[in-house]
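K.L.:
Supplied in structure tokens, the structure appears directly below.
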Amino acid sequence: MSKKPNILLLVNDHQAYYRHGWDGGIKPLTPNLDRISNEGSLFNRAYTTTPLCSPSRRTMLTGLYPHNHHNYYNYTDSPYDHEIYLDLLAKEGYKNFYFGKWHAGPGTGLDFNCKGFSDTDYGNPYIHLSYKEYLKRNSLPQAQHHVIRHFWNEAFRQQFPKLKDNTTYRCEYAWCGELAVGLTETPKETHESFFLANLACDALTDLAKNKDEKPFHISVNFWGPHHPHFPTSEFVNLYNSKDIIEYGSFSDTLIRKPQLFLHDFKKPLSDKNNHFRTPSPLSWEEWQQIIVLAYAHITMVDAAGGMIIDKLFDLGLDENTIVIWTADHGDGLASHGGQFDKGTYVTEEVMRVPLAVRWPEAISPHQIINEIICNIDLAPTILDMAGIKFTKPIDGQSWLPLLKNQKTSWREALLTESFGHGYGVHHIVRAIHSGEYKYIYNHGQINELYHLGNDQFELNNLVDDTNYKNILDEMILKLKELQADTGDIGVKDPNYQQAIRDDKEKFLALQTRREEKVQKSVQINF
């Protein structure tokens with residue numbers, strides 16, 4: 055190679071992946087992600103460390119578990135006490151660009167030696183000046199959506215007074231993670247995914263034009279396909295709702311499951327007490343309509359990512375550019391009694407993520423890699439590809455040897471974790487994945503053991519089955535060993551205890567602000 059490789063990292067947010075369409079019916083259409091995997095490698099067992107955005111994204115930057123980087127919840131005020139791989143790339147001469155969602159801590163990606171566009175906290179591109187300038191340059195209208203259905207419970211409806219069924223809606227709030235489905239009525243180019251794709255394409259064009267000898271790293275972090283699911287009709291028309299067969303755990307009664315499945319912050323499809331209702335209050339026919347919009351959203355984001363990849367090829371930058379495409383976590387869509395969103399639970403649906411890599415100068419096409427990998431491995435792998443290493447110990451390891459079919463010592467078991475959603479919801483959950491088995495420790499609640507080879511949807515909890523006593527003991531031992539190896543002391547961790555105290559203060563303040571907002575709304579209405 056004449057120089058270090060360029061790197062293009064595409065990160066989807068909250069992508070339904072595991073078993074959707076794997077057992078019949080139709081899958082979400084992802085032709086561009088499929089292209090990357092066909093021309094490179096597909097990781098068949100890629101996991102996130104945790105089912106929430108913010109702690110997962112911090113992990114992807116640091117190579118550390120949440121119990122070590124201490125960003126447990128979806129808050130973004132946890133300080134950066136560890137190395138961020140973006141800084142290390144910049145130090146070694148990489149030109150860094152960051153476009154899109156940050157949600158990994160204070161500030162934005164632009165605070166870490168990156169140019170581009172980002173936003174603080176969860177972020178909402180639709181209210182940002184850069185988005186409005188993009189619309190003006192391209193003679194586009196403000197994105198407008200038709201809401202077909204929303205899923206806010208009674209406690210949260212006052213936060214989004216304009217979000218109503220069968221209404222025209224614009225994402226005008228500071229947070230655009232509304233629990234809703236519908237259609238984008240304006241051109242697809244008004245959608246956040248195409249806005250970000252255009253910014254990335256402009257950066258690639260400038261890099262090619264200037265013929266810069268420095269390698270580049272471009273990270274594009276879409277806000278989708280996280281809800282709200284507002285695809286354009288172009289993508290919805292690719293699907294027929296009747297072709298979507300009932301999801302394997304849709305009718306799960308959650309018997310012999312921990313209570314954390316039933317209670318969470320802003321639990322969609324819950325009753326007035328924020329208690330999840332099972333069986334689902336929606337029929338499967340209603341769910342088919344919802345899933346079509348979610349699938350279409352996935353395909354829409356895939357098309358935006360494909361636009362960036364096409365530009366890479368058009369500019370002749372593809373040969374020495376590594377393309378990595380993944381997601382921060384999965385989605386519980388229609389699973390386990392009819393979930394909408396993710397939460398504290400660590401089912402395969404929310405923990406498994408897509409991961410495809412293309413690097414024509416170094417790896418062969420059409421590879422399927424079955425080793426268990428995790429997003430703690432992402433940052434060390436990117437650095438390894440660039441010939442760089444973290445200077446301090448981390449939890450992850452580079453999977454570059456797996457890509458190159460080199461002999462390497464790889465993990466036989468993986469630890470994953472959850473701490474609850476925050477906002478008043480705190481749990482200690484740890485899972486161990488090994489072979490065809492999965493054991494889940496739920497502090498203070500029923501634990502879980504599944505034989506994923508026979509029970510892909512985690513319906514049959516074997517934790518009290520005497521026939522699996524030896525397997526259970528072995529999995530518990532492996533879990534304890536991995537906890538010891540990574541410095542995880544669970545509920546006794548003083549950093550976690552402080553996080554709970556901080557969260558209670560934040561949640562109390564949030565409730566106070568919400569009540570004041572509701573009272574103000576009532577006064578205005580009358």
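Numbering-wise (the numbering used here), the sequence shown opens with residue 55 and increments by one.
Glycine included, each C-beta is placed from N, C-alpha and C at the ideal position.
#1: Measure the Cβ-Cβ separation of T53 and L308 and say whether it is below 7 Å.
#2: Compute the Euclidean distance between the alpha carbons of S108 and C225, then round it to the nearest angstrom.
#3: Less than 7 Å separating the beta-carbons of N98 and D356?
#4: Pull up the distance between the alpha-carbon of T102 and that of A433, whole angstroms please.
#5: Give me the Cα-Cα distance between P548 and I554, rounded to the nearest whole angstrom.
#6: Does V407 come out as helix, strand or coil in the three-state DSSP assignment?
#7: By DSSP, does Q342 sit in helix, in strand, or in coil?
#8: Decide if W464 is buried, meaning its Cβ has at least 16 other Cβ atoms within 10 Å, or exposed.
#9: Using 10 angstroms around the beta-carbon of N150, count the other beta-carbons present and answer buried if the total reaches 16, otherwise exposed.
#10: Report the three-state DSSP secondary structure of Y139 (helix, strand or coil).
#11: Where does F304 sit, in a helix, a strand or coil, going by DSSP?
#12: Which of the three DSSP states is assigned to R412 in this structure?
#13: Do L454 and S95 have their CB atoms nearer than 7 Å?
#14: Suppose you measure from the CA of K311 to the CA of I494; what does that come to, to the nearest Å?
#15: Take P269 as the anchor and find which of P59, P160 and S488 has the nearest alpha-carbon.
#16: Tell me L64's beta-bridge partners as DSSP assigns them.
#17: Ordered along the chain, which non-local residues of its own chain (more than five positions away) have a Cβ less than 7 Å from that of K81?
#18: Under the DSSP definition of a beta bridge, which residues are partnered with F97?
#19: Under the three-state reduction of DSSP, which class applies to Q69: helix, strand or coil?
#20: Three-state secondary structure (DSSP) at S110?
#21: For the beta strand (DSSP E) containing I202, list its first residue and its last residue.
#22: At 3 residues or longer, what runs of the beta strand (DSSP E) sit wholly inside the segment 126-191?
#23: Using DSSP with H/G/I as helix, E/B as strand and the rest coil, what is V483?
#24: Quick check on DSSP: helix, strand or coil for F580?
#25: Can you tell me where the beta strand (DSSP E) holding S472 begins and where it ends?
#26: Look at the alpha carbon of F473 and the alpha carbon of N264, and state the distance between them as a whole number of angstroms.
#27: According to DSSP, simplified to helix, strand and coil, what is N496?
#28: Below 6 Å CB to CB, which residues in the same chain sit around L253 once its five sequence neighbours on both sides are set aside?
P.N.:
Looking at the coordinates:
#1: Outside the shown range of the chain (55 to 580) lies residue 53, about which nothing can therefore be said.
#2: 21 Å
#3: no
#4: 13 Å
#5: 10 Å
#6: coil
#7: helix
#8: exposed
#9: buried
#10: helix
#11: coil
#12: strand
#13: no
#14: 11 Å
#15: P59
#16: V274 and W379
#17: H74 and G75
#18: I423
#19: coil
#20: helix
#21: H199 to H204
#22: 149-154 and 168-172
#23: strand
#24: Confidence is the limiting factor: at F580 the pLDDT is only 22, short of 50, which leaves the residue's position unreliable, though a coordinate-based value still follows. Looking at F580 - three-state DSSP - the assignment turns out to be coil, as it is neither helix nor strand.
#25: A467 to S472
#26: 47 Å
#27: strand
#28: F153 and F171
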